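Note sheet for the following structure.
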Amino acid sequence: MKRAYLLAGGALVLCSTLVMAQSAPESLLPPGVGQPAPTPTPAPVPTATSAPSAPADPTAPAPPQGSEVVQPIPSTPGPVDTSGVSLSDIPSVEELEELTVDELDDLLGLKPRYDIPPAARRSTERVGIIDEREGGLPVASLARQPASIVRAALANTSQPLVSRWGHILMRRALASRLAAPEGMNPVEFAALRAAALNAMGEHSAARALVQDVDTADYSSELTEAALDAYVGTGDITGACPVVRLGQADRDDVQWKMFEGICAAYAGETTAANNELRRLLSRTEEDRIDVLLAQRYAGAAGQGRRAVTIEWDGIEAMNPWRFALANALGEPIPDGLLEQLGPYYLKAGASTPALPIVQRLRGADLAAAAGIFSSAAMVDLYSQLYADRGEQQDADAAIARAARLRDAYVDPDAGARLAAIRDVWSGDDEYAGLVLTAYASARLTPSNDFEDDAPRLIASMLTAGLDRDAMRWADVVEEGSVGWALLALANPQDVAVTDGQLATFENGDESSGQRKSKMLLAGLAGLGRTDADNIAEYSERLGVNLRAPTAWTRMIDKAAEANNGALVVMLAGLGMQGTNWDQMTARHLYHIVSALNRVGLNAEARMIAAEAVARA
1 MKRAYLLAGG
11 ALVLCSTLVM
21 AQSAPESLLP
31 PGVGQPAPTP
41 TPAPVPTATS
51 APSAPADPTA
61 PAPPQGSEVV
71 QPIPSTPGPV
81 DTSGVSLSDI
91 PSVEELEELT
101 VDELDDLLGL
111 KPRYDIPPAA
121 RRSTERVGII
131 DEREGGLPVA
141 SLARQPASIV
151 RAALANTSQP
161 LVSRWGHILM
171 RRALASRLAA
181 PEGMNPVEFA
191 ALRAAALNAM
201 GEHSAARALV
211 QDVDTADYSS
221 ELTEAALDAY
231 VGTGDITGAC
241 PVVRLGQADR
251 DDVQWKMFEG
261 ICAAYAGETT
271 AANNELRRLL
281 SRTEEDRIDV
291 LLAQRYAGAA
301 GQGRRAVTIE
311 WDGIEAMNPW
321 RFALANALGE
331 PIPDGLLEQL
341 GPYYLKAGAS
351 TPALPIVQRL
361 RGADLAAAAG
371 IFSSAAMVDL
381 YSQLYADRGE
391 QQDADAAIAR
401 AARLRDAYVD
411 PDAGARLAAI
421 RDVWSGDDEY
431 AGLVLTAYAS
441 ARLTPSNDFE
451 DDAPRLIASM
461 LTAGLDRDAM
471 RWADVVEEGS
481 VGWALLALAN
491 PQDVAVTDGQ
501 LATFENGDES
511 SGQRKSKMLL
521 AGLAGLGRTD
531 ADNIAEYSER
541 LGVNLRAPTA
551 WTRMIDKAAE
561 ANNGALVVML
571 AGLGMQGTNW
581 DQMTARHLYH
591 IVSALNRVGL
601 NAEARMIAAE
611 AVARA
């Protein structure tokens, strides 16, 4: 009955409204004109004793536009537990300013364990930068190999390699995307590879390799290898994720400088300045290093102040001050530049921030070592030639760049050859061969160029242009150096006879007949001469190619197992040194033989030919 009354009342109100609307006169004004603004209905004020509202129904329609939405008053917070907290435990402003970066992070809990979200973290199952489809070695190449052998091979690769082609092959193997050997932690495997790349002067490749591992997974060994790579490339701020998130058991001056710089670039200017100021007051021997670090930190943009760099009394260079000086554009005195060793020359040649003239100081060394390709060398000299009007004190380098241009574009073949000879006349002849590889390949073989044929062939082979080199087969005389290079570099498996070996040996004028020894070792390793010839000429030349050592046994067993990656690493171990004279015929034989047996025939041929060219 009550429901009926309500319905009747509602109908009555509706009817009344309709009647009133019909009886009212119609307005000719636009809607809203001349009508007072409606008085808003005040929203109900909730009280603290109001019952909490039920949770909103997600399926309910949204409230109409203009409806009131009341924000509930938050509940009164409970009392804060201050037991055990003393005001004396809170450091003062002065004490906070004196804290080091690490102490401040520990106090405030600011040092995170991870710098990337969990969903973006990468697996360490496969670490590397060159996939098999891009020319890298197969992923599982070392997966079933004993960890002890791989560890020994990489841990003992602590020097550059004497062979340019050996360096190129070793770099490709170390940078390949590989799974760790059985029983070896993948992070340890990455650290060993990065350290070996650093030892070879391949800091850019080492940096790319360590960046393939999340910093949260770093070990102290990988942290050390990563810092060496960042310093070698002059990328100081690039090391900051490693410094702030990685694992390291260090408290030395360089580490403190890293922390100060990284704090500055993280916006912690006061802590960074205090840290570097303390270091400056505690050291005398490394004072210039700290000053360089202060200037670098000041470039972060806050708390910048003048820092004067004084080189007076500095008689030696170290990687840290070399990297920072180059990154800051701070000129290094000529006296120190003239004393730079191979490490600094190679690192400087690979630093794009340096002036071209300064990079050229180490370009020849980098090319001969295998760090620079022929194309990279040509690009460097092309840039110098393009900017020749702006270069100061670079007359000799500009003249070489001009002759390199002539070697490529002169319409006369004889003039191009003359320009090529001029490029070869630099301080490092083998680096000149690298620089002219493609210019040599552009020459049409001619008997008029027979005297230069051996070096032209050697030049082409530095870039792996074996098919271009083989066009000169009809020009070179049998038994000459050019013939020997082609006998080793020939893509076709052509045997060498006793008479051909005898002719070459009789005309060999190299010291101790090293070219003949290397030719014999290369031919034996490639299987291009028979056992009788190997035995006869081994006796005549006084070499024993098959004398066993622990290293020869390991590389031979790796070849028998058809494991190319392990063969390459063991080959790199056997090619360490500072001069090609340190390479023996026996080592060359085992390296070439092992590479040839595991399917790396092209690399084996190039290494063998390089040995004859450089012996």
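The numbering of the sequence shown is UniProt numbering, which starts it at 1 and goes up by one.
In this text, a Cβ means the ideal position worked out from N, Cα and C, and glycines have one as well.
All values derive from a computational prediction rather than experimental measurement.
Same chain only: Cβ atoms within 7 Å of Leu161, ignoring 5 sequence neighbours per side: Indexing the sequence shown from 1 puts residue 161 at position 161. These residues qualify, in order along the chain: His167, Met170, Met200, Gly572, Met575, Gln576.
Pick from Val307, Val496, Ala327 that is closest to Val231, judged by C-alpha positions: The residue labelled residue 231 in the question sits at position 231 within the sequence shown. Out of Val307, Val496, Ala327, Ala327 has the C-alpha closest to the C-alpha of Val231.
Glu182 (DSSP reduced to helix, strand or coil): Numbered from its first residue, the sequence shown carries residue 182 at position 182. When secondary structure is reduced to three states using DSSP, Glu182 falls in the strand class.
For Ala264 and Val307, the rounded distance between their alpha carbons: Translated into positions along the sequence shown, residue 307 becomes position 307. Translated into positions along the sequence shown, residue 264 becomes position 264. Cα to Cα, Val307 sits roughly 15 Å from Ala264.
Alpha helix (DSSP H) segments (min. 4 residues) lying fully within the segment 533 to 598: 550 to 560, 564 to 574, 585 to 597
Pairwise C-alpha distance: Ala225 and Ile314: The residue given as residue 314 occupies position 314 in the sequence shown. The residue given as residue 225 occupies position 225 in the sequence shown. Rounded to the nearest angstrom, the two C-alpha atoms are 27 Å apart.
First and last residue of the uninterrupted alpha helix (DSSP H) at Ala306: Reading the sequence shown from its first residue, position 306 is the one you call residue 306. Looking at the DSSP string, Ala306 is not in any alpha helix (DSSP H), and its letter there is neither H nor E.
C-beta contact flag for Arg528 and Val494 at 8 Å: Here residue 528 is taken as the residue at index 528 of the sequence shown, counted from 1. Here residue 494 is taken as the residue at index 494 of the sequence shown, counted from 1. A contact, by the Cβ cut-off of 8 Å.
Stretch pair the segment 585 to 593 + the segment 517 to 525: three plus CB contacts closer than 8 Å: yes
Continuous alpha helix (DSSP H) stretch holding Tyr218: start and end: Residue numbering aside, residue 218 sits at position 218 when the sequence shown is read from its first letter. Here Tyr218 belongs to no alpha helix (DSSP H), and DSSP marks it neither H nor E.
Cβ pair Ala516, Thr462 closer than 8 Å: Taking the first residue of the sequence shown as 1, we reach residue 516 at position 516. Taking the first residue of the sequence shown as 1, we reach residue 462 at position 462. For the record, residue 516 in the displayed sequence is Ser; it is not Ala. It is not a contact, given that the beta carbons lie outside the stated cut-off.
Close beta carbons around Ala195, own chain, < 7 Å, minus the five adjacent residues each side: Along the sequence shown, one-based indexing puts residue 195 at 195. Excluding positions up to five away in sequence, the list reads Ala225.
Ala453 Cβ short of 7 Å to the ligand SAM heavy atom set: Among the components modelled here there is no ligand, and therefore nothing to report on the ligand SAM.
Exposure label - Asn579; buried when at least 16 CB within 10 Å: Working through the sequence shown from its first residue, we reach residue 579 at position 579. The residue in question, Asn579, is exposed, as its Cβ has fewer than 16 Cβ neighbours within 10 Å.
Classification of Gly482 by the beta-carbon crowding that lies within 10 angstroms, buried from 16 upward: Residue 482 sits at position 482 when you count from the first residue of the sequence shown. Burial call: buried.
Whole-angstrom C-beta distance between Leu417 and Ser459, which should lie under 8 Å: For the purposes of this step, residue 459 is identified with residue 459 of the sequence shown, where counting begins at 1. For the purposes of this step, residue 417 is identified with residue 417 of the sequence shown, where counting begins at 1. Contact doesn't hold; Cβ gap of about 11 Å is too wide.
Same chain, Cβ closer than 6 Å to Pro333, five either side skipped, listed in chain order: What you label residue 333 is simply residue 333 of the sequence shown in a count that begins at 1. Result list for Pro333: Trp311, in chain order.
Paired residues, beta bridge with Val127 - DSSP: The residue you call residue 127 lines up with position 127 of the sequence shown. Val127 is bridged to Leu178.
Alpha helix (DSSP H) segment containing Val423, residue limits: Indexing the sequence shown from 1 puts residue 423 at position 423. In the DSSP annotation of this structure, the continuous segment of the alpha helix (DSSP H) that includes Val423 starts and ends at 413 to 424.
Pick from Phe449, Ala502, Arg467 that is closest to Asn533, judged by C-alpha positions: Looking up residue 533 in the sequence shown gives position 533. When each option's Cα is compared against that of Asn533, the closest is Ala502.
C-beta atoms of Leu488 and Met470 nearer than 8 Å: By 1-based counting over the sequence shown, the position of residue 488 is 488. By 1-based counting over the sequence shown, the position of residue 470 is 470. No, Cβ-Cβ distance for Leu488 and Met470 is not below 8 Å.
Exposure of Gly542, with buried meaning 16 or more beta-carbon neighbours within 10 Å: Along the sequence shown, read from residue 1 onward, the residue named residue 542 stands at position 542. Counting Cβ neighbours within 10 Å, Gly542 comes out exposed, since fewer than 16 surround it.
Proximity below 8 Å, CB of Arg403 to CB of Tyr385: Here residue 403 refers to the residue found at position 403 of the sequence shown. Here residue 385 refers to the residue found at position 385 of the sequence shown. Taking 8 Å as the Cβ cut-off, Arg403 and Tyr385 do not qualify as a contacting pair.
Sequence-distant residues of its chain with Cβ nearer than 6 Å to Leu336 (five each side left out): Taking the sequence shown and counting its residues from 1, the one referred to as residue 336 is at position 336. Taken in chain order, the residues that qualify are Met317.
Glu610, DSSP secondary structure in three states: Indexing the sequence shown from 1 puts residue 610 at position 610. Looking at Glu610 - three-state DSSP - the assignment turns out to be helix.
Given 8 Å, three or more beta-carbon pairs between the segment 178 to 193 and the segment 133 to 150: They touch, by the three-pair rule.
Contact belief for Asp342 with Leu360 at Cβ below 8 Å, rounded distance in angstroms: Within the sequence shown, residue 342 is the residue found at index 342, counting from 1. Within the sequence shown, residue 360 is the residue found at index 360, counting from 1. Before going on, a small fix: residue 342 reads as Pro here, not Asp. The Cβ separation is near 15 Å, so there is no contact.
Euclidean distance between Cα positions of Gln247 and Gly370: Along the sequence shown, read from residue 1 onward, the residue named residue 247 stands at position 247. Along the sequence shown, read from residue 1 onward, the residue named residue 370 stands at position 370. Those two C-alpha atoms are separated by around 33 Å.
For Leu161, the residue or residues it bridges with in DSSP: In the sequence shown, counting from the first residue as 1, residue 161 sits at position 161. Paired residue(s): Gln576.
CB-CB length for Glu603 against Ser163, believed under 8 Å: The sequence position of residue 603 within the sequence shown is 603, counting from 1. The sequence position of residue 163 within the sequence shown is 163, counting from 1. For a cut-off of 8 Å, the C-beta gap from Glu603 to Ser163 is around 10 Å, too long to register as a contact.
Contact the segment 232 to 239 vs the segment 196 to 216: 3+ CB pairs below 8 Å: yes
Stretch-stretch touch, CB-based, cutoff 8 Å, three pairs: the segment 248 to 267 with the segment 277 to 288: yes
CB contact flag (Leu570, Ile555, <8 Å): For this step, residue 570 is matched to residue 570 along the sequence shown. For this step, residue 555 is matched to residue 555 along the sequence shown. Their beta carbons are under 8 Å apart, which means Leu570 touches Ile555 by this criterion.
The alpha helix (DSSP H) enclosing Ser281, as first and last residue numbers: Numbered from its first residue, the sequence shown carries residue 281 at position 281. Taken as a continuous stretch (DSSP letters only), the alpha helix (DSSP H) holding Ser281 covers 269 to 282.
Start-to-end residues for the alpha helix (DSSP H) that takes in Leu245: Here the question's residue 245 lines up with position 245 in the sequence shown. Run containing Leu245: 240 to 245, per the alpha helix (DSSP H) assignment.
Proximity below 8 Å, CB of Leu435 to CB of Leu443: Start at 1 with the first residue of the sequence shown, and residue 435 comes out as number 435. Start at 1 with the first residue of the sequence shown, and residue 443 comes out as number 443. For Leu435 and Leu443, no; Cβs fall outside 8 Å.
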